[in-house]
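When you line the sequence shown up against this note's numbering, it's residues 2 to 397, in that order. In this text, a Cβ means the ideal position worked out from N, Cα and C, and glycines have one as well. Everything below concerns the one structure shown next.
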Amino acid sequence: TDAFDASPAEQCDALLTFIAAWLRELHGGQGLEKAAFVEVQVRDMGCFEEVNASYARFFGGSPPPRVCIETPLPPPLHLRVRLLLLHQKGGEAAANPTVSKDDSVEFLRVQSISTWAMACIGPYSQALRVEQWLLSAGMLGLVPHTMTFPTASDAVAAAVIGSATNLCDAIDATVKAGTCTQWRSELWMLMRSLRNVLQVMSNGFGRVCLAQVYVKHGECCLDEARSAVLGYLRREAGDTAPIITCVEVPRLPKDGSIELNVLCAAGEAESGRSRLTSQLHQGGIVVSLASLDLSDGGRIRVAEGSLNDASSVFGTGEEFNADHGLVQLTRLCVSRAVTDFRCHGSCSKLVGDDNKAVMAGVGISVQVQFAPPCAHSLVEASVRVTMQEVGLDETW
């Protein structure tokens with residue numbers, strides 16, 4: 002349509018206008034106020050400010066938590082939006098205090114400069130609690146009272162302003178020595194802000210079920226980032242074992258090195274412990290399935306796939322086709338995730354003409370980073386084919 006030739010802000014306006022109308026049609030007049038979490042992907046992080054200006058017009062005083070990342074979207078697309086929806090949504094945010102409530106939903110939105118947590122850098126709330134879940138926005142490692150990224154010396158100074166006697170505020174040894182990389186300085190500050198936000202929402206690191214980590218390309222090894230995040234979480238809760246996913250992206254807001262958002266158990270729900278349920282190796286493809294069971298019977302399943310040795314996918318005698326490899330990886334990841342849901346699901350419903358049973362309420366999110374633009378259509382097609390093969394219709 003004409004929107005494809007538009008600017009990033011115009012595409013954002015057209016996309017959210019369409020989504021809002023579609024939601025109102027599906028849900029009896031309720032639109033974007035149903036959003037509990039939004040993931041915004043942009044092709045160029047340079048459009049962050051203009052997209053924010055357009056995005057803000059679609060949400061009231063209590064916008065949902067959000068994460069924004071740069072991904073290699075195929076031209077002419079400037080942005081992609083993924084939403085997690087509520088059955089109900091709370092009212093407008095109160096100006097003071099910063100937490101707004103209704104009977105079932107609670108928001109935290111900090112817009113002023115403080116010393117305890119970074120302020121919002123866009124139209125979103127830092128956290129939202131609904132029923133047994135708490136969702137945080139993507140946090141960056143900005144020093145709260147300057148809103149700039151820290152050096153090692155900045156991190157030490159910020160700890161003095163805060164509560165340096167608190168074990169959770171202790172500086173990482175490499176930060177204190179001034180020998181750490183930039184991402185470690187930012188991660189320390191990020192985890193401090195996140196911990197304070199969760200505490201205001203009567204939550205904490207011990208209740209984190211899922212942590213999603215986004216690392217700027219070239220900053221660090223993903224396993225190293227995963228280990229560092231788990232180390233900080235265990236300062237407050239020594240035996241916590243959440244699912245931690247790590248993704249490398251081209252760029253983050255404010256040119257940050259690392260961004261993190263979490264899903265926590267809230268209310269009387271217990272966070273449970275994650276475990277690696279299985280790992281599948283096929284050629285150069287590795288798919289890992291992680292599972293976390295909650296005390297109330299709820300489950301979180303995450304399938305992560307990687308293409309470690311591209312040359313081995315088709316054998317040494319045939320030139321590797323990167324697009325085909327991504328398709329294989331996508332189909333394998335989706336099919337294994339659905340199989341895992343079926344094996345552990347306690348409730349099911351019938352979908353499709355062949356009456357295959359699948360979990361009621363299953364949500365599957367497939368993210369492919371650094372895919373060549375020409376591969377997007379192939380990956381999307383592979384997802385659709387896989388969904389049909391496992392008995393899921395296109396509404397899932």
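Length of the line joining the Cα atoms of residue i and residue j
i	j	result
residue 258	residue 387	34 Å
residue 17	residue 234	35 Å
residue 253	residue 44	11 Å
residue 337	residue 146	46 Å
residue 110	residue 390	43 Å
residue 215	residue 247	6 Å
residue 244	residue 205	15 Å
residue 23	residue 57	19 Å
residue 95	residue 107	The predicted model places residue 95 with a pLDDT of 35, which falls under 50 and marks its position as unreliable; any figure quoted below should be read in that light. The alpha-carbon atoms of residue 95 and residue 107 are separated by roughly 11 Å.
residue 310	residue 63	The predicted model places residue 310 with a pLDDT of 47, which falls under 50 and marks its position as unreliable; any figure quoted below should be read in that light. Each residue's Cα considered, the two are about 45 Å apart.
residue 51	residue 19	19 Å
residue 25	residue 331	32 Å
residue 226	residue 36	29 Å
residue 381	residue 40	18 Å
residue 189	residue 307	27 Å
residue 6	residue 267	44 Å
residue 132	residue 105	6 Å
residue 348	residue 83	Its pLDDT being 39, under 50, residue 348 is placed unreliably in this model, and the value from its coordinates should be taken loosely. So the two alpha carbons sit approximately 26 Å from each other.
residue 287	residue 201	39 Å
residue 378	residue 75	9 Å
residue 304	residue 207	23 Å
residue 223	residue 29	43 Å
residue 291	residue 302	6 Å
residue 209	residue 265	4 Å
residue 53	residue 123	6 Å
residue 148	residue 191	12 Å
residue 186	residue 221	13 Å
residue 121	residue 60	15 Å
residue 13	residue 240	42 Å
residue 384	residue 199	35 Å
residue 80	residue 260	19 Å
Run of the beta strand (DSSP E) containing residue i, from where it starts to where it stops
i	result
residue 226	Where residue 226 is concerned, there is no enclosing beta strand (DSSP E), although the alpha helix (DSSP H) it sits in stretches over 223 to 237.
residue 70	67 to 71
residue 204	Where residue 204 is concerned, there is no enclosing beta strand (DSSP E), given that its DSSP letter is neither H nor E.
residue 266	259 to 266
residue 130	128 to 131
residue 1	Since the first residue of the chain shown is 2 and the last is 397, residue 1 is not available in this structure.
residue 150	That residue, residue 150, is in no beta strand (DSSP E); it is neither H nor E in DSSP.
Residue i in three-state terms, based on DSSP
i	result
residue 110	coil
residue 191	helix
residue 81	strand
residue 246	strand
residue 19	helix
residue 210	strand
residue 294	strand
residue 357	Caution is warranted here: a pLDDT of 43 is assigned to residue 357, below 50, making its placement in the model unreliable, and no coordinate value can be reported.
residue 137	strand
residue 307	strand
residue 118	coil
residue 289	strand
residue 185	helix
residue 386	helix
residue 42	strand
residue 379	helix
residue 144	coil
residue 87	coil
residue 392	coil
Enclosing alpha helix (DSSP H) for residue i [first to last residue]
i	result
residue 56	49 to 57
> Any chance the stretch 132 to 142 sits against the stretch 50 to 69, with 3 or more Cβ pairs inside 8 Å?
Replying inline: yes
>> For the stretch 105 to 124 against the stretch 234 to 249, do three or more pairs of beta-carbon atoms, one drawn from each stretch, fall closer than 8 Å, so that the two count as touching?
In response: no
> Can you find at least 3 beta carbon pairs, one from the stretch 115 to 128 and one from the stretch 190 to 201, that sit closer than 8 Å?
Replying inline: yes
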